Amino acid sequence: MISEELQATVKDKHRPRSGLIVRGMMAGPVASSPEDLQKRRLSKRSTSISSAAQLKGEKEEGNDLSVPSVDSQESKETSTQVNTEFSPRTLSSSHTISASEKLRNIPKDTDDFFAKLFSERGRTKTEERKLVPNFCTESNEKSLKVSASHRHSGTGKEKKERSLKKSENWLSGLRKSPTPTWNKEDQTKDVLELVDVEDEATTGEVSKNLNLSTLHMLQEVSVSKAIDISLAKELKNLLFGSSLCCFSEEWKIQSFTFNNIPQLKYGIVQKKGGPCGVLAAVQACVLQQLIFGDSNRNKDARCLQPSEVHRTKCLTMALADILWRAGGNEKAVVALPSGRQQFTPIGKYKADGILETLILHSSTRYEDLIVLLQQNIHQFEIGPCGCILLTVSVILSRSINLVRNDFDVLTNRLIGSHGYCTQELVNLLLTGKAVSNVFNDVIELNSGNGNITILKGITSRSDIGLLSLFEHYDVCQVGCYLKTPKYPIWLVCSESHFSVLFCLEKDLLSDWKTERRFDLYYYDGLANQEEEIRLTVDTTQMFTEDKENDLIPPLEHCIRTKWQGAVIDWNGTEPIL
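When we follow full-length UniProt numbering, the leftmost residue of the sequence shown carries the number 1, and every step to the right adds one.
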């Protein structure tokens, strides 16, 4: 049964169409004439197959579908269009495989339907078989090409929607209207709804003008998911040892905000005690980018007065390096606040207003990580909880299981008493592994009865080093992987506090002549430092300790754990005791 709307359409004969798609009967590419072969595209299989099934079902129920015979040439054109649907050879080489897979999924009853349709019009099976090779030969001369760049254009979508609507109207009318008299060529126009969808550009032209950078920007930078209560509990257990603990106010108000004092524009300001380990590690990585980011040559003090734009860029690169290193140089996770709770805190979990709001963004490309951090760097630099965001991000980049396996004791935690950073957290930020010690490699302790305790240390030379006052007191031993890093930048662990010591001369770590006399700069973000502190270290002289004067600055003790007996000049600055 054909709708009245279709009867009116039948009268409008010989309407030219190009770049056509079958709507309502079949799936796949259509090429009614060789001139339009490069302008056509695949239609949705679901709409096509369902339409064909409806037609067959209604025909079997007894609906009298009368099809008058037409002349041989017009019937051959119709058959050519029909058989085009089942010939994957009409596809270009880049789409042949996918089209073939789709064609194999077309049910057999669709072929049977058209076989019956042709038999009612007086066509024999022999004549039908002759039409297929003719079309295939014709299609091999000029294959169909589909432009991927225009596949989702707004014009194409609008035409697809109009086509789909026409198909639905035709199917609904088919159930209501009386049997019409079909006319020759209009039968093809009505049964096979044809719609123009392609632009004039061909695949070759699009490929020639392809802009790779534009395509890269269109790619999804990261995969995002909201934090859940299970992950939040695991994070708190790893950080504090209990899911009932929360971040202190000192952590909640701390971000990586730069100093506005002209001589200290490179420095990050610490507001209160607690997260100094995280701040010092980030400060050291920022200095690495600031001093040695563009080249490994020695610099002068002018590089320590960066513009606001440049220091923000260095912060972005520093955070990216920390996270990428923790992810094994394969992946990274960036935790960002969403402004609303992602789960309802229940059970043994105490909400702190930060973890519950996080969205976790995963990147598997370093370039995508840079883009993601550039877009959200204000959350770390200006936002109220940038320090927490980085801590959560570096843990998830490493993964909770690997971080816990890094510990000597599985019950260790990353934030100790009074909100201080543990050595495990500092090592995670510096080396990408949350090991519990600062010596080189692994030490095995045999406690007897076959019990061996494994103590894990630093496994390779670090970019950033560490000097510790505990080594001066023989409490620990800092290995050369940290004591002699790749860059002359060290975290200083002294009196339960972390600060930074650095040199502008890259050759300090490779040329013994440079080590004779050199300058070290010291920065402490918590000390309300108002001026530059520059120390001159002279290893050609031997320091003699005055037993009557025991007020030796702890910083000097730390420096002498690497340069034993060196004489240190504060250059007029009041020594920090």
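All C-beta atoms, glycine included, are put in the ideal place defined by N, C-alpha and C. These figures come from a predicted structure and were not determined experimentally.
In this chain, the alpha helix (DSSP H) harbouring I370 covers Y366 to E381. Relative to the Cα of D408, the nearest Cα in the group I227, Q374 and T453 belongs to T453.
C421 sits in a strand when the DSSP states are folded into three classes. As DSSP reads the structure, K225 sits in a beta bridge with L360. Using a Cβ distance threshold of 8 Å, T561 and L467 count as a contacting pair.
Residue I559 holds the alpha-carbon nearest to the alpha-carbon of S494 among G347, V442 and I559.
Considering only W563, P554 and I533, the residue with the shortest C-alpha distance to E574 is I533. By the CB criterion at 8 Å, I354 and I388 fall inside the cutoff. When Cβ pairs closer than 8 Å are counted between the two stretches, the region 250 to 268 is seen not to touch the region 426 to 445, the count staying below three. In the three-state reduction of the DSSP assignment, Y523 falls in the strand class. Assignment of T431 by DSSP, reduced to helix, strand and coil, places it in the helix class. The alpha helix (DSSP H) runs lying completely inside the region 295 to 342 and spanning 4 residues or more are 308 to 326, given in chain order. Beta-bridge annotation (DSSP): F518 is paired with V537.
W563 and I458 have their C-alpha atoms roughly 21 Å apart. A residue is called buried once 16 or more other Cβ atoms fall within 10 Å of its Cβ, and N571, having fewer, is exposed. With a beta-carbon spacing of about 6 Å, L372 and V334 fall inside the 8 Å limit used to define contacts. Following the DSSP letters along the chain, one finds V567 in no alpha helix (DSSP H) but inside the beta strand (DSSP E) bounded by residues V567 to D569. Residue environment: A301 is assigned as exposed (fewer than 16 neighbouring CB atoms within 10 Å of its CB, all protein chains considered).
For G293, the CB contacts under 8 Å within the same chain, skipping 5 residues up- and downstream, are C314 and M317 in chain order. At a Cβ-Cβ threshold of 8 Å, G277 and C476 do not count as neighbours. With a cutoff of 8 Å on beta-carbon distance, P384 and I227 are scored as not near each other. In this structure, the beta-carbon distance from P488 to F502 falls below 8 Å. Within the model, the alpha-carbon separation for I370 versus L360 is close to 15 Å. Excluding the 5 residues flanking it on each side, Q283 has same chain C-beta neighbours closer than 6 Å at I268 and V500, in chain order. Distance from the CA atom of R413 to the CA atom of Q374, rounded to whole angstroms, is 31 Å.
In the structure shown, the three-state DSSP call for V403 is helix. In the DSSP annotation of this structure, the continuous segment of the alpha helix (DSSP H) that includes I559 starts and ends at P554 to R560.
Note on A527: under 16 other CB atoms within 10 angstroms of its CB, so exposed under the neighbour-count rule.
The residues G457 and T459, in chain order, have a CB closer than 7 Å to that of D441 in the same chain once the five nearest residues on each side in sequence are set aside. Between L410 and S243, the alpha-carbon positions lie close to 16 Å from each other. The C-beta of S510 has fewer than 16 other C-beta atoms within 10 Å across all chains shown, which makes the residue exposed.
Around the beta carbon of N449, fewer than 16 other beta carbons sit within 10 angstroms, so the residue counts as exposed. No Cβ-Cβ contact shorter than 8 Å links D546 with R517.
Following the DSSP letters along the chain, one finds K456 inside the beta strand (DSSP E) bounded by residues I452 to K456. Between R398 and A434, the gap from beta carbon to beta carbon is short of 8 Å.
The shortest C-alpha to C-alpha distance from A326 to any of I576, F498, F247 and L402 is the one to L402.
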